[in-house]
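All the letters of the sequence shown, read from the start, carry residue numbers 1 to 251 under my numbering. The beta-carbon is built from N, C-alpha and C at its ideal position, and this holds for glycine as well. Below is one structure; the comments refer to it alone.
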Amino acid sequence: MKKPSIAHLRREYNASGHSEGHGRFNPLTLSQYWFQQALRALAVVGREYRQNGLIEQKAPPTPLELFQKWFKEALRAKVLDPNAMTLATVTGSGKPAVRTVLLKGFDAHGFVFFTNYASQKGRELAKRPRASLLFFWPPLMQQVRIDGKVVRVSSKESDEYFQSRPRGSQISTWVSRQSQVIPSREFLDRRARQFEKQFKGKPVPRPSYWGGFRLTPERMEFWSGRPNRLHDRLRYQKKSTGGWRLERLSP
Ligand SMILES: Cc1cc2nc3c(=O)[nH]c(=O)nc-3n(C[C@H](O)[C@H](O)[C@H](O)COP(=O)(O)O)c2cc1C
């Protein structure tokens with residue numbers, strides 16, 4: 001959206017019947033007003049929704065196959081960071097928390113990401129080993145929601161992935177005590193120099209507090225944007241007898 005001139009916003013603002021207070025222009029009010037305008041503009045920009053949506057008859061028997069198909073489409077569409085996913089965890093007392101992590105492994109057993117086991121998410125998952133993942137690929141107007149149980153991957157799997165990382169990222173796992181309060185940026189840079197010196201000329205080992213988690217899905221929902229907000233939603237739910245039950249949800 002083209003940013004409207006201040007004079008234009010001011011005219012519109014006055015016309016909308018708001019008071020400017022003490023006859024002086026209040027930039028805070030202006031910026032709030034501008035934000036509202038921007039949100040309204042976004043709502044009317046419109047989207048290219050898919051004409052060919054999700055049809056039960058064409059849906060594969062497992063959500064993992066459909067996920068693979070959609071992920072390929074996201075790659076073909078050159079979605080930025082298509083493997084970035086929102087991870088939701090919950091504290092022991094039921095407080096939810098979300099953050100982005102990168103999908104680093106995917107197979108019939110589930111979705112793998114790597115992190116610091118002592119981070120907030122790591123501690124929450126140790127106490128409550130359930131989580132939700134969310135992918136949103138804007139150019140495709142597609143969203144995938146995944147819920148399930150989470151376990152640590154084997155040390156071997158974490159080692160293998162750790163060894164594949166660039167050396168700088170390996171050292172950073174020693175530098176960063178993820179999610180802890182630190183005094184300054186300088187503190188971090190100083191620790192980085194310390195560990196670079198310590199590991200100079202040597203391979204960097206994986207710290208025991210760093211590794212992968214695997215979420216095994218129990219439920220996966222595929223959302224596909226359609227015209228007039230009559231979107232498609234297909235949900236796969238794991239049956240206790242094995243296999244998946246497929247249901248359509250109202251948008
Ligand atoms: C695009 C993107 C990718 C990220 N990938 C990871 C990741 O794979 N692992 C990770 O631990 N943090 C990743 N982060 C940082 C997390 O979002 C988060 O800040 C960090 O893990 C601490 O979260 P916590 O305090 O809830 O444990 C990523 C952030 C962004 C924006």
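query                                                                                                                                                                   : result
From what residue to what residue does the beta strand (DSSP E) around Phe-106 run?                                                                                     : 105-107
Alpha carbon to alpha carbon, how far is Gln-142 from Ser-224? Give it in angstroms, no decimals.                                                                       : 5 Å
Looking at Gln-120 and ligand 1, is the gap between the Cβ and the nearest heavy atom below 7 Å?                                                                        : yes
Just to confirm my understanding: we take Pro-183, look at its own chain, exclude 5 residues before and 5 after, and list those with CB closer than 8 Å. What are they? : none
If you check the beta carbons only, do Gly-110 and Thr-241 fall under 8 Å apart?                                                                                        : no
In whole angstroms, what separates the C-alpha of Thr-89 from that of Lys-149?                                                                                          : 11 Å
Under the three-state reduction of DSSP, which class applies to Arg-191: helix, strand or coil?                                                                         : helix
Once DSSP output is grouped into helix, strand and coil, what is the label at Ala-131?                                                                                  : strand
When the Cα of Ala-77 is compared with those of Asp-147, Tyr-117, Asp-159 and Pro-139, which residue comes out closest?                                                 : Pro-139
Buried or exposed for Arg-214, going by 16 or more other Cβ atoms inside 10 Å?                                                                                          : buried
Need the endpoints of the beta strand (DSSP E) that Thr-115 sits in, please.                                                                                            : 110-116
With DSSP collapsed to three states, give me the class of Gln-37.                                                                                                       : helix
Evaluate contact between the segment 176-194 and the segment 149-166, counting only Cβ atoms and requiring at least three cross-stretch pairs below 8 Å.                : no
Just to confirm my understanding: we take Leu-188, look at its own chain, exclude 5 residues before and 5 after, and list those with CB closer than 8 Å. What are they? : Val-175, Ser-176 and Ile-182
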